[in-house]
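So the protein sequences, as listed, match chains A and B.
For the working numbering, add 1 to where a residue sits in the first sequence, where the first one is 1.
For the working numbering, add 52 to where a residue sits in the second sequence, where the first one is 1.
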Amino acid sequence: MSERKKKSEFSKYPTQDKVILIIGYILLGLFLVAIILPMVYIILASFIDPITLQNKGLTFDFSKWTLTAYERVLGNGQIWVGFKNALIYSILFTIISVVVTLLAAYPMSRPDFKGKGFFNTLFVITMFFGGGLIPTYLLISNLGMLDTIWAILIPGAFSVWNMIIARTYYMGIPRDLQEAAEIDGADEMVYFFKILLPVCTPIIATISMWQFVGMWNSYFDALIYLNSASKQPLQLVLRAILIQSQPEPGMVADMQSTAERARLAELLKYATIIISSLPLMIMYPFFQKYFDNGIMAGAVKG
Amino acid sequence: MAKASENNAASVASGSKFHNALVYFRQHWQLYLIFILPAFLLTIIFRYIPMGGILIAFTEYNPIRGILGSEWVGLAHFSRFLSSPDFMSYLMNTLKLSVFGLLWGFPIPILLAFLLNRILSSKIKQKIQLVLYMPNFISVIVLCGIVRILLSPTGMINSLLGTNTNFMTMPSAFRTIYIASGIWQGAGWASIIYTAALSNASKELKEAAVIDGANIVQQIKAVEWPAIKDTVLIQFIMAVGNIMSIGFEKAYALQTDMNISSSEIISTYVYKKGLLDGDYGFSTAVGLFNTVINVILLITMNKIVQSMNEGKGI
Numbered sequence: 002m003s004e005r006k007k008k009s010e011f012s013k014y015p016t017q018d019k020v021i022l023i024i025g026y027i028l029l030g031l032f033l034v035a036i037i038l039p040m041v042y043i044i045l046a047s048f049i050d051p052i053t054l055q056n057k058g059l060t061f062d063f064s065k066w067t068l069t070a071y072e073r074v075l076g077n078g079q080i081w082v083g084f085k086n087a088l089i090y091s092i093l094f095t096i097i098s099v100v101v102t103l104l105a106a107y108p109m110s111r112p113d114f115k116g117k118g119f120f121n122t123l124f125v126i127t128m129f130f131g132g133g134l135i136p137t138y139l140l141i142s143n144l145g146m147l148d149t150i151w152a153i154l155i156p157g158a159f160s161v162w163n164m165i166i167a168r169t170y171y172m173g174i175p176r177d178l179q180e181a182a183e184i185d186g187a188d189e190m191v192y193f194f195k196i197l198l199p200v201c202t203p204i205i206a207t208i209s210m211w212q213f214v215g216m217w218n219s220y221f222d223a224l225i226y227l228n229s230a231s232k233q234p235l236q237l238v239l240r241a242i243l244i245q246s247q248p249e250p251g252m253v254a255d256m257q258s259t260a261e262r263a264r265l266a267e268l269l270k271y272a273t274i275i276i277s278s279l280p281l282m283i284m285y286p287f288f289q290k291y292f293d294n295g296i297m298a299g300a301v302k303g
Numbered sequence: 053m054a055k056a057s058e059n060n061a062a063s064v065a066s067g068s069k070f071h072n073a074l075v076y077f078r079q080h081w082q083l084y085l086i087f088i089l090p091a092f093l094l095t096i097i098f099r100y101i102p103m104g105g106i107l108i109a110f111t112e113y114n115p116i117r118g119i120l121g122s123e124w125v126g127l128a129h130f131s132r133f134l135s136s137p138d139f140m141s142y143l144m145n146t147l148k149l150s151v152f153g154l155l156w157g158f159p160i161p162i163l164l165a166f167l168l169n170r171i172l173s174s175k176i177k178q179k180i181q182l183v184l185y186m187p188n189f190i191s192v193i194v195l196c197g198i199v200r201i202l203l204s205p206t207g208m209i210n211s212l213l214g215t216n217t218n219f220m221t222m223p224s225a226f227r228t229i230y231i232a233s234g235i236w237q238g239a240g241w242a243s244i245i246y247t248a249a250l251s252n253a254s255k256e257l258k259e260a261a262v263i264d265g266a267n268i269v270q271q272i273k274a275v276e277w278p279a280i281k282d283t284v285l286i287q288f289i290m291a292v293g294n295i296m297s298i299g300f301e302k303a304y305a306l307q308t309d310m311n312i313s314s315s316e317i318i319s320t321y322v323y324k325k326g327l328l329d330g331d332y333g334f335s336t337a338v339g340l341f342n343t344v345i346n347v348i349l350l351i352t353m354n355k356i357v358q359s360m361n362e363g364k365g366i
């Protein structure tokens, strides 16, 4: 039924439009294939015996399939340390950041807020101008925050961009809600927590997801501020394996020659990519419904 | 009651402004001390204090003596950077990477949104979006790891081409790799904002256009483009404003000793000079140079857009 409807919709287009659409969809299809193909390749390659993969490439001779790479990567402690740290940093950062941002957005959303212009200028300037790497690093160092979790959690906690988005969302909430609250003698806190926030779940979910994913996937702050191996988040562990080709010695220690170790290091990469990407890949479809809402809420109006 | 006292205060001529503010503050102190204070403190401490640290760029910075105790060298670091043989190469690497990245990367999400908008079945559309958005959730490190694997001499691309080129060691391949992988990862995600804006385009308006016999090109001109024009402009200004702040993370993760001649950009250079070599003054000067160019670009771009767009900018 709907299939037929679609067909008739399509046949309504004039010939020239059909050509445009068909070319467009072919390009879209190619793009989708280009996204999926590398992922499939890496998933398959991660199960294939290292030496076979190197000599013959992908094979569907299942006798050559193995879980060795996964055993080696998962059997190593450092990747679990990375997972644990990434989870702690991402959760704490998301909480701190979302609280600070949602709070700040509230006065900024009120037309009567005195000093709004001042705060707005103060915040927006920082989106385009900053002290740069060294002055920030020295500040963190002087505050005694080097090699502590706080260097990761605090400096970037307030996001001006997210504040603007939350503010725009608040402003879309009908004012009568607030006026009703004021008549009842509710103060700012009660209105904010009991009335405003509950109707803002879509934007809170969106911002939380951005902050969580952003922290989970970043490595720069950890690279410059954290030294201890025990504090490294997942991305730094991955960097050693994937970019520097220096896996934890334990993962390849049983190999006799340097060449063998290097080859194994190369081949552990596939399983590492799968293991490290799996959690977000599984989680993200559940958030999909929030994407459109959240982005529409704020960014469109800028 | 509160409103009345505010009005009374406003009618009193002198000193009333202050009194007014005081009354407002007493009534709404929570807005300042609870809501805005954390963000204010974070901004002052972690954004504005480092701006003061920019002075380091004009000194031979000595961590023990501090900024004011260090030897003042004026613009020496800047002239050293500007006159160094590598200056042009780093500047051009940075500019080319982001300008070409913008030229290739900017239109694709818009095209994707136009195409998605014409898919009638919302189920199919959702499945396509699920795939399109997926790469956005891969981290920079994993992305670069995938790129390195696929492009290695024995990787997928080489086996498809039947060659064994080591792309990661070729300076001429770096920009293509960087930009193409950026589109692979980000184009789908970037299209969301346009898809959202397009869904605001009035359905009736579009139906009217169809009845009038408008073809796709005319429909886009009359209905869809106006719906996303403002969004496109804002995104464009933001993108131009960030041209010089092109990310450190990805360039650094795609760098190899062999492709350094095209992959060394200002942000990676600032990192190496400052944190690896400990040349704080020089590194800060290079970073400041970068920021200033960025601000100039942003302001210029905003002016141009304003003049083209009836005074509307950001």
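Ideal Cβ placement from N, Cα and C applies to all residues, glycine included.
* Asked: When the Cβ atoms of the segment 122 to 129 of chain A are set against those of the segment 92 to 106 of chain B, are three or more pairs found closer than 8 Å?
  -> Proximity of the segment 122 to 129 of chain A to the segment 92 to 106 of chain B meets the contact definition, three or more beta-carbon pairs being nearer than 8 Å.
* Asked: Looking at residue 279/B and residue 253/B, is the spacing between their C-beta atoms short of 8 Å?
  -> Taking 8 Å as the cut-off, the Cβ atoms of residue 253/B and residue 279/B count as close.
* **Within 9 Å of chain B by C-beta, residues of the segment 147 to 165 of chain A in sequence order** => If the cut-off is 9 Å between Cβ atoms, the segment 147 to 165 of chain A has 155, 156, 157, 158, 159, 161 and 164 near chain B.
* To do: List the residues of chain B that residue 88/A touches, going by C-beta distances under 9 Å, in chain order.
  => The premise fails here: residue 88/A is roughly 14 Å from chain B at the closest Cβ pair, so nothing lies under 9 Å.
* If you drop the 5 nearest sequence neighbours on each side, which residues of the same chain put their C-beta closer than 6 Å to that of residue 338/B? -> Excluding residues within five positions, the ones whose Cβ falls inside 6 Å are 133 and 322.
* Could you tell me whether the Cβ of residue 157/B comes closer than 8 Å to any Cβ of chain A? => Any Cβ of chain A closer than 8 Å to the Cβ of residue 157/B would place that residue at the interface, and such an atom is absent.
* Asked: Quick one: any contact between the segment 100 to 118 of chain B and the segment 132 to 139 of chain A, if contact means 3 or more CB pairs under 8 Å?
  -> With the cut-off at 8 Å, the segment 100 to 118 of chain B and the segment 132 to 139 of chain A touch.
* Asked: Are there three or more Cβ pairs, one per stretch, closer than 8 Å when the segment 159 to 169 of chain B is compared with the segment 300 to 312 of chain B?
  -> Here the segment 159 to 169 of chain B makes no contact with the segment 300 to 312 of chain B; the two share fewer than three CB pairs at distances below 8 Å.
* Asked: For residue 174/A, which option in 290/A, 272/A and 203/A has the closest C-alpha, if you only look at C-alpha atoms?
  -> Measuring from the Cα of residue 174/A, the nearest candidate turns out to be 203/A.
* How many angstroms separate the CA atom of residue 142/A from the CA atom of residue 267/A? -> Near 36 Å, if we compare the C-alpha coordinates of residue 267/A and residue 142/A.
* Three-state class that DSSP yields for residue 316/B in the structure shown -> Residue 316/B: coil per DSSP, three-state reduction.
* **Contact list for the segment 75 to 88 of chain B against chain A, Cβ threshold 8 Å** => Within the segment 75 to 88 of chain B, the qualifying residues are 76, 77, 80, 82, 83, 84, 86, 87 and 88.
* For residue 274/B, which residues from the same chain have a beta carbon less than 6 Å from its beta carbon, with the 5 sequence-adjacent residues on both sides left out? -> Once the five neighbours on either side are set aside, the close Cβ partners of residue 274/B are 261.
* Asked: Is it right to say residue 26/A is buried, meaning 16 or more other beta carbons lie within 10 angstroms of its own, or is it exposed?
  -> Answer is exposed; the Cβ neighbour count stays below 16.
* Helix, strand or coil for residue 111/B per DSSP? -> It is a strand residue.
* Beta-carbon proximity of residue 203/B to residue 220/B, cut-off 8 Å -> For the 8 Å CB-CB criterion, residue 203/B and residue 220/B form a contact.
* **Bridge partners - residue 123/B, DSSP secondary structure assignment** => Among the bridge pairs identified by DSSP, residue 123/B is matched with 112/B.
* Can you tell me which of 226/A, 195/A, 243/A and 170/A puts its alpha carbon nearest to the alpha carbon of residue 207/A? => Answer by Cα proximity: 170/A.
* Beta-carbon of residue 223/B versus every beta-carbon of chain A: anything under 8 Å? -> Chain A, which has no Cβ nearer than 8 Å to the Cβ of residue 223/B, makes this no.
* On a CA-only basis, which of 344/B, 135/B, 335/B and 314/B is nearest residue 149/B? Give me that one, please. => Taking each of 344/B, 135/B, 335/B and 314/B in turn and checking the Cα distance to residue 149/B, the smallest one comes out for 314/B.
* To do: Could you give the DSSP three-state label for residue 193/B: helix, strand or coil?
  => Residue 193/B falls in the helix class under three-state DSSP.
* Any idea which residues DSSP pairs residue 171/B with across the strands? -> BP columns for residue 171/B are empty, so no partner.
* Asked: Is the Cβ of residue 127/A closer than 8 Å to any Cβ of chain B?
  -> Interface residue, yes.
* Measuring CA to CA, which of 317/B, 288/B and 348/B is closest to residue 361/B? -> Among 317/B, 288/B and 348/B, the Cα nearest to that of residue 361/B belongs to 288/B.
* For the candidate residues 354/B, 85/B, 208/B and 341/B, whose alpha-carbon lies nearest to that of residue 127/B? -> The residue with the shortest Cα to Cα distance from residue 127/B is 341/B.
* If we cut at 8 Å on Cβ distances, does residue 189/B have a partner in chain A? -> Yes - at least one Cβ of chain A is within 8 Å of the one on residue 189/B.
* Asked: Is the beta carbon of residue 80/A sitting closer than 8 Å to the one on residue 253/A?
  -> No.
* Asked: For residue 92/A, does the three-state DSSP call read helix, strand or coil?
  -> Residue 92/A: helix per DSSP, three-state reduction.
* Answer yes or no: does any C-beta atom of chain A fall closer than 8 Å to that of residue 343/B? => By this cut-off, residue 343/B is an interface position.
* To do: Kindly identify the DSSP beta-bridge partner or partners of residue 174/A.
  => According to DSSP, residue 174/A bridges with nothing at all.
* Output the boundary residues of the alpha helix (DSSP H) element that contains residue 222/A. => Per DSSP, residue 222/A belongs to the alpha helix (DSSP H) from 221 to 226.
* Could you check where the alpha helix (DSSP H) with residue 129/B kicks off and where it finishes? -> Boundaries of the alpha helix (DSSP H) around residue 129/B: 128 to 135.
* Does any residue of chain B bring its CB to less than 8 Å from the CB of residue 115/A? -> Taking Cβ atoms only, chain B reaches closer than 8 Å to residue 115/A, which makes this a yes.
* In this structure, does DSSP put residue 49/A in helix, strand or coil? -> In the structure shown, residue 49/A adopts extended strand secondary structure according to DSSP, grouped into three states.
* Asked: With a CB to CB cut of under 6 Å and the five nearest residues on each side skipped, what residues in its chain are close to residue 223/B?
  -> These residues qualify, in order along the chain: 311, 313 and 314.
* Asked: Going along the segment 269 to 298 of chain B in order, which residues come within less than 7 Å of chain A, judged by CB to CB distance?
  -> Residues of the segment 269 to 298 of chain B with a Cβ closer than 7 Å to any Cβ of chain A, in chain order: 283, 286 and 293.
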